[in-house]
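To start, the structure under review is shown below, and the notes come after it.
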Amino acid sequence: MLDIKLIRERPDWVRQRLASRGAGEEERVADVLKADENRRKAIAEVEQLKAARNQAARDIGALMGQKKTAEAEARKAETRAMGDRIAQLDALVKEADAARDALLLRLPNLPHETVAAGTGPADNPVVRAWGAKPEFGFKPKAHDALCEELELVDFKRGAKLAGSGFLLYTHWGAKLERALIQFMLDLHTREHGFVEVSPPYLASRDCMLGVGQLPKFEDQAYAVQEGLDAATRGRLYLVPTAEAPVANIHRDEILPENRLPLRYCAYSPCFRAEAGAAGVGTRGMIRVHQFDKVEMIEIVKPEDSYAALERMVGCAERVLQLLELHYRVVLLCTGDMGFASAKTYDLEVWAPGQGSYLEVSSCSNCEDFQARRMNLRYRAGAGDNRFPHILNGSGTALARLFVALLETGQQADGSVILPEPLRPYLGTNRLTRPHP
RNA sequence: GGAGAGAUGGCUGAGUGGUUUAAAGCGCACGCCUGGAGAGCGUGAGUGGGCUUAUACCCCACCGGGAGUUCGAAUCUCCCUCUCUCCGCCA
């Protein structure tokens, strides 16, 4: 969430940065300022009364001590009415607080000044590309055909088990999925300095609010219900990304400065309801309700966060480089960025069978937007607690990486050659039909 | 799921309605002392908010979370969460 003091002191700048997202959010700034003013007025009034009540209580205590019972009773009687007034005003403060927070929690982060202005994916500048589109002496197949022929994924039965958008990996497909997860975790922990964690796959509402997944995007999450008790729905959510639990590991803490940067990586399945997304990308495994992902989270001092973002993108790129996949890096423009992010790079891997690039990683610097929501601070010095910056990045998302790997490695005979680093994990250098 | 016990500041740990609107010890920071260190002595130190040029002063709130009783709640009542012990169920 945005710093209310920043909004108070530089409302025009905040409006201008919000406007760059092109969603009209800048119109909410006036509402926020009004709500903030209401809140402060209510607080000032009730606190004055409370100070008076506290003084009265002290006086009564002293009178009782001196056995001046009559005076004490008289003082009690005149103080009694104050309690009701305070209760009323407290309720007003609570209301004003909630009103302000409701607005603040729905305002997106401010795009960093280095982010290109734009309105959609077409305006995302390509920062660099690595490798080249592979050449084939034949017409490359799409991954769904390869999956069926090599029995890597059983789409039909996956849908039978949980509905459209759920995958049943089989034979080499299941092993390849597992191998990719392990390969990426090994890479990030051994070479990139991340600490591996394995979080719960359900996250509390507070965690979801903390990363900015809620309250705006409730329709995209799977809310679970505990047993038959419908009242429990909305307390826990299936994680849409490991970012939700992992970024919140230190919520409500004040970290010693020397613990930063904290670098975590985690595997988790990711569950996305993505209501009403029929049409584009519904075929195969490019857009599904559950996919696997290895996520990187970094908590850093503010002055280090943009260098950390570049580094994190490099860590994600390293995965694709080692797997010998052609990809490009794009900088998301102001109109295409996620809610919590100040600056985001996407990695798009080439999928020859699709004839298009697929997003397999998104690395974002959320600055202090999330730290503020989750009340995570670090001690920069005596009496100087600050919000750290939090970054997240996929390193990388599966399913689509799986697609690119199959489509890139496919051979004329229908088999798929694996890049060298995966071979030890699978015990083979080539995927073939599991049986004749 | 059932029964019981517990949750206090960085840690330990007092505190069952009012000079305790959080004692004491340890640890911490600074100062004095010392050639230096230690010991000793002294001082200080939490979080958020309001008011502010101010991380100064003053004020409000915070003893797991929420509600209540009261002039006044760490303390009494109710609900919830978490931890520990035991029982049941379970991979």
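For the first sequence, counting from 1, position 222 maps to 311 in this note's numbering; every step adds exactly one. From the three backbone atoms N, C-alpha and C, an ideal C-beta is built for every residue, glycine too.
DSSP-derived helix/strand/coil call for residue i
i: C359; result: strand
i: A151; result: helix
i: G498; result: helix
i: I343; result: strand
i: F255; result: coil
i: G470; result: strand
i: R475; result: strand
i: D120; result: helix
i: R519; result: strand
i: V242; result: strand
i: D101; result: helix
i: D425; result: coil
i: M374; result: coil
i: K139; result: helix
i: P391; result: helix
i: A205; result: coil
i: F491; result: helix
i: M90; result: coil
i: I270; result: helix
i: I132; result: helix
i: K228; result: coil
For residue i, the first and last residue of its enclosing beta strand (DSSP E)
i: I479; result: 478 to 486
i: G403; result: It is not in any beta strand (DSSP E) - G403 instead sits in the alpha helix (DSSP H) that spans 394 to 411.
i: L420; result: 416 to 420
i: K432; result: 432 to 440
i: R294; result: From DSSP, R294 is part of no beta strand (DSSP E) but of the alpha helix (DSSP H) over 294 to 300.
i: A218; result: 215 to 219
Distance CB(residue i)-CB(residue j) smaller than 8 Å
i: E266; j: L487; result: yes
i: F380; j: C359; result: yes
i: V408; j: L239; result: no
i: T423; j: R195; result: no
i: E437; j: L447; result: yes
i: V216; j: V419; result: yes
i: V389; j: P350; result: yes
i: L192; j: L91; result: no
i: E116; j: P197; result: no
i: P441; j: P223; result: yes
i: W219; j: E406; result: yes
i: A263; j: L511; result: no
i: R322; j: R294; result: no
i: H232; j: G373; result: yes
i: N474; j: L398; result: no
Other residues of its chain near residue i: CB distance less than 8 Å, five sequence neighbours each side excluded
i: A396; result: none
i: L138; result: M171, R174, I175, L178
i: E332; result: V300, E384, I386, N481
i: N213; result: A205, G207, V419, L420, L421, C422, D425, D435
i: P477; result: L344, L349, I388, V389, K390, P391, D457, A460, L465, R466, Y467
i: V121; result: I93, I96, R189, L192, L193, L196
i: V103; result: L91, L95, I96, E115, V118, L199
Identity of the residues DSSP links to residue i by a beta bridge
i: I386; result: Y353, N481
i: Q379; result: F360
i: V284; result: Y353
i: E126; result: DSSP, once it has assigned bridges, lists no residue as partnering E126.
i: V313; result: L325
i: L447; result: V438
i: V505; result: Q499, L520
i: L291; result: L327
i: D318; result: E315
Terminal residues of the alpha helix (DSSP H) in which residue i lies
i: R110; result: Note, R110: premise wrong, no alpha helix (DSSP H); not H, not E.
i: C455; result: Where C455 is concerned, there is no enclosing alpha helix (DSSP H), given that its DSSP letter is neither H nor E.
i: L95; result: 93 to 98
i: A176; result: 158 to 195
i: L325; result: No alpha helix (DSSP H) contains L325, which is instead part of the beta strand (DSSP E) from 325 to 327.
i: A234; result: 232 to 238
i: E332; result: 332 to 335
Near the ligand ZN: residue i beta-carbon under 7 Å from a heavy atom
i: H260; result: This structure lacks the ligand ZN; in fact it carries no ligand of any kind.
Sequence-distant residues of its chain with Cβ nearer than 6 Å to residue i (five each side left out)
i: L412; result: P508
i: A185; result: N127, R128, A131
i: N518; result: L507, R512
Same chain only: Cβ atoms within 7 Å of residue i, ignoring 5 sequence neighbours per side
i: Q459; result: G299, V300, G301, A336, A429, I479
i: P229; result: P441, G442, E496, Q499
i: E160; result: L152
i: G484; result: M273, H277, C354, V383, E384, M385, C404, A405, V408, S450
i: S394; result: N454, E456, H478, L480
i: K305; result: R195, F428
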